[in-house]
Each structure stands twice: as structure tokens, then as C-alpha cells.
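Position one of the sequence shown corresponds to residue -10 (the numbering used here), numbered consecutively onward.
Okay, so here's the structure we're looking at.
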Amino acid sequence: MADTSFLPEDYLARQAERRTNALSLTLFVVVMAAVFGAFLVTNRQAAQIKAAQASINAQFKEAALRIEELNQLEEQKERMLNKAEIAAALVERVPRSILLAELINRMPSRLSLQEFQLRSVAVKKAPPKQSTTTSRLSERKSAADRAKTKEEATEERTVQAPEFNVEVVMVGVAATDLEISRYISELNAYPLLKDVTLKYSVQTTINDETLREFRVEMRLDPRADVRNVRPLLVPRGWGAPVAGPPRTTIPGQ
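Below, the structure written as C-alpha cells:
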């Protein structure tokens, strides 16, 4: 269909250009509004993320403080347990008087002791491995803590509880080897002793009487506790022969 408009062509062109400019401006405003809205949303999300991150960081710091306090408590507990072990190692679990009484009460009537030795031998232990808790604490030490002097480092070393093997050596005489065998059986049955060994049994003469001289060595059980063992009670009448006390050698620890 032919164009029957009577308007000038210049006017029509200007109108079309105006509509195009208005449409372009509208689209520009819409795009800019969308960009600004996206910026606001993104900025709000970033603020929320920062707030959440700050809250998480605060929680991590609080948890780190609690873990540090727990580690300090564990380290303090280890020190207290170590001190308790040292104190327990320095206390005799089996008093020597009770041990000597138990050994004498288990002697057959025709057996007597001539020599009694009680000695403590220190047990050499390998250096302990560093625990996991101590390792974590060491890793968290600052540079200032690492710069401590050798004297301070020496003072901080943990003192290990000493361990001793208590060895008992007895030399005596008996009428027969049967008496010696009975005595060794009694010693093996005593729960506080272990490794009871007869070193020798030889014939000897004392006051023109033929006897058997013997030597027995044994050790106290490291876990021995006299409170858990009922003492042996032996009735002794006025007419019963009582052997004289043995020659005793008890070196100090």
C-alpha cells in the first residue's frame, strides 16, 4: 500500500529519531537500574559474608583458647602424675622389717640363715617419647619461647620417676637338701617374690656337724604391695628353738 502521509519527510525522520532516542534512554535506565540493584544485592551479600566470617573467626579464637586451656590442664595433669610416680618410687612398698619377718617365718625348723643381703639396683630406662599433647604445645610456641636459655630449658625437663630392682641374697645352712627344697617352695609361693633361684648347695661342716650350705637369690616383684598380701603367722612356743638373727647387709638406695 502506498504511503499517503502528507507530513514532511524531515518531520517523520525527526519523530523516528526521537522515538529511537527515547527507547535507547529507557533501555539505558533499565540496564543501569539493574546494575545498581545487582551492586546493592552483592554489597549486602558481601557484608553478610564478612559478618559470618568475623563470627566464625571469633568462634575459632574462642575454641583455640579452650583447646589451649585443655592442653595446659593435660600438661599439668602429666606433671602431677609424674610427681606422684616419683613419690611412690621413693616409698618402700614392702618394708624391710616385714620382708625379713616373712622370710624367717617361712624357714623350716632345721634351716638357719648366715647372711642376708638386700640391695636396690637402678633400672636404666630409654628416654621417653614426646607425647602428642606435648608435641602440639611445642609447635605452638612462639619465637620468644624458643629463645629461652639453656638453663631454663634444663629446668623444664621432666624428671622421670626412678625404678629399682630390689634383689635379695641369702646364704644359710640346713640339715638336708630336702629342707632347702621346702624353703625354696615356700619362697616361690610368696606373691611378693619372683625369680627365686638356688645358686648352689654344698656340703659343709660346722662344729663337727655335717650340714648343707646354700645360696638363694631372688627379686621383689616391682608391682609388689604388702597391703594386698596376708602375713604368715607362725606360733612360737617357749620350748621351740629360735635361730639367732642372720648377719644382715642392707645397702641404702
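Ideal placement from N, C-alpha and C gives every residue a C-beta, glycine not left out.
These figures come from a predicted structure and were not determined experimentally.
For G161, the closest of L100, Q61, L1 and A73 by C-alpha to C-alpha distance is L100.
DSSP, reduced to helix, strand and coil, places V160 within a strand of the structure shown.
If you check the CB distance, L88 and V157 come in under 9 Å. Beta-bridge annotation (DSSP): I195 is paired with E198.
Separation of the CB atoms of M207 and L182 is rounded to 5 Å, and the pair is thereby assigned contact status at 8 Å.
Cβ-Cβ separation between N94 and L209: approximately 17 Å, too far for a contact (criterion under 8 Å). In summary, M96 is buried, with 16 or more beta-carbon neighbours lying within 10 Å of its beta-carbon over all protein chains present.
If you look at A111, you'll find it isn't in any alpha helix (DSSP H); it sits in the beta strand (DSSP E) that goes L100 to A111. CA-to-CA, the gap between I173 and Q106 works out to about 17 Å. At the C-beta level, R204 and V155 stay beyond 9 Å of one another. Residue burial annotation: A213 is buried, with at least 16 other C-beta atoms found within 10 angstroms of its C-beta.
In the three-state DSSP reduction, R3 falls in the helix class (H, G or I).
Listed in chain order, the alpha helix (DSSP H) elements of length 4 or more contained wholly in the segment 51 to 100 are 85 to 94.
DSSP places L176 in the uninterrupted alpha helix (DSSP H) bounded by D166 to A178. Approximately 15 Å separates the beta-carbon atoms of V191 and E198; this is outside 8 Å, ruling out the contact.
By the neighbour-count criterion, in which 16 or more other beta carbons inside 10 Å mark a residue as buried, I169 falls on the buried side.
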